[in-house]
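Have a look at the structure below, then the notes.
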Amino acid sequence: MSITSTPTDTSPRNEGFDCNYDDCDTNEPAAHGPVGAYCSKPCQARDRGRRLLALFEHDHRYCATCFRPLKVVDDVPEWRRSSLGPVTERAATGFQSLTEHAERGEVARRRDAYQFETRIGVVCECGNANTREREALLQRANVRAVVRQLYESLETLREEGQHDKRVDLEALIAALRSQVNYGSGLDFEYAVGVAVDGEGDR
Ligand SMILES: [Zn+2]
Ligand SMILES: [Zn+2]
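Residues in the sequence shown are numbered consecutively from 1297, following the numbering used here.
Okay, here's the thing in structure tokens:
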């Protein structure tokens, strides 16, 4: 996915324009013209935010709803490694422990439209029992805490080298606050996207 391709001919409007933000079905750019491969600045911001938020969906150490760290994964220490055979070493790579935000409990996973299967898994203190999915209701229940935790966890991931964006906490709070004030649903992707330092569209 490239965000650098800029349509060279914008008049007349490009037929078959396909906005790079997956959830946008606009097939022509906004009146003021496309922004790179996006139909508009909001779509560009949402895509930027989505890519950062996706880090949490793919990182099993975090809750994708409240962004709290749930697990700590430690490398196998060298002294221990040397005493392990090749098979057991692989099996033991990455000792995991739960943080104070997590506990073991029954988690449900949808099998199909009608059936769930339950098993024992990690449950977050926010109430999310499927820590890879975002639960909008739980996020709305405590926006303030979620925003601060999101900021902190994004900083941690940046320090680990998983991304290189600096997110402005004040801009993040302001973006979500205005969404609350307008009574719209919380759009975390957009809020994160406009809060990335130097790339906001405010
Ligand atoms: Zn779009
Ligand atoms: Zn959580």
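Beta carbons are placed, not taken as given, at the ideal position from N, Cα and C, and that holds for glycine. The structure presented is a predicted model; accordingly, all values stated were derived computationally and were not measured.
Review point. Which residues bound the beta strand (DSSP E) around Ala1404?
Key: Per DSSP, the continuous beta strand (DSSP E) segment holding Ala1404 begins and ends at Ala1398 to Arg1406.
Exercise for review: Count the other CB atoms, across all protein chains shown, that sit within 10 Å of the CB of Gly1345; report buried if there are 16 or more and exposed otherwise.
Suggested key: buried
Point to revise | Residues with C-beta closer than 6 Å to any heavy atom of ligand 1, in chain order | key: Cys1315, Tyr1317, Cys1320, Thr1322, Tyr1334, Cys1335, Ser1336 and Cys1339
Review point. When DSSP labels each residue in this structure, what does Tyr1317 get in the three-state scheme?
Key: coil
Check your understanding: With burial defined as no fewer than 16 other Cβ atoms inside 10 Å of the residue's Cβ, what is the status of Phe1363: buried or exposed?
Key -> buried
Point to revise | When Asn1438, Asn1316 and Val1368 are compared against Thr1452, the one with the closest alpha-carbon | key: Val1368
Check your understanding: When we look at the beta-carbon of Phe1352 and count the other beta-carbons within 10 Å, is it buried (16 or more) or exposed?
Key -> buried
Practice item. To the nearest angstrom, report how far apart Gly1417 and Gln1435 are at their CA atoms. Key: 21 Å
Check your understanding: In chain order, what residues of the same chain have a beta carbon less than 6 Å from the beta carbon of Ala1326, not counting five sequence neighbours either side?
Key -> Cys1335 and Ser1336
Review point. What did DSSP end up calling Phe1363 once you bin it into helix, strand or coil?
Key: coil
Exercise for review: Step through the CB atoms of chain B and report whether any lies within less than 8 Å of the CB of Arg1357.
Suggested key: Absence of chain B from the displayed structure is noted, only one protein chain being present.
Practice item. Return the residue from the list Phe1313, Tyr1317 and Ile1469 that minimises the CA-CA distance to Asn1438. Key: Selected option, being the one with the closest Cα: Ile1469.
Point to revise | Bridge partner(s) assigned by DSSP for Arg1415 | key: Val1403
Check your understanding: Is the beta carbon of Cys1359 less than 8 Å from the beta carbon of Cys1420?
Key -> yes
**Study point:** C-alpha gap between Val1492 and Val1442, whole angstroms
**Key:** 17 Å
Practice item. With hydrogens ignored, establish whether the beta-carbon of Arg1436 is closer than 7 Å to any heavy atom of ligand 2. Key: no
Exercise for review: Just grab the DSSP bridge partners of Ser1393 for me.
Suggested key: Its beta-bridge partners are Val1368.
Point to revise | Range covered by the alpha helix (DSSP H) that runs through Ser1474 | key: Leu1465 to Asn1477
Exercise for review: Under 8 Å by Cβ, that's how I've got Val1463 and Val1488 pegged, so tell me the actual separation to the nearest angstrom.
Suggested key: 7 Å
Check your understanding: Should Asn1424 be counted as a contact of ligand 2 given a C-beta to heavy atom distance under 7 Å?
Key -> yes
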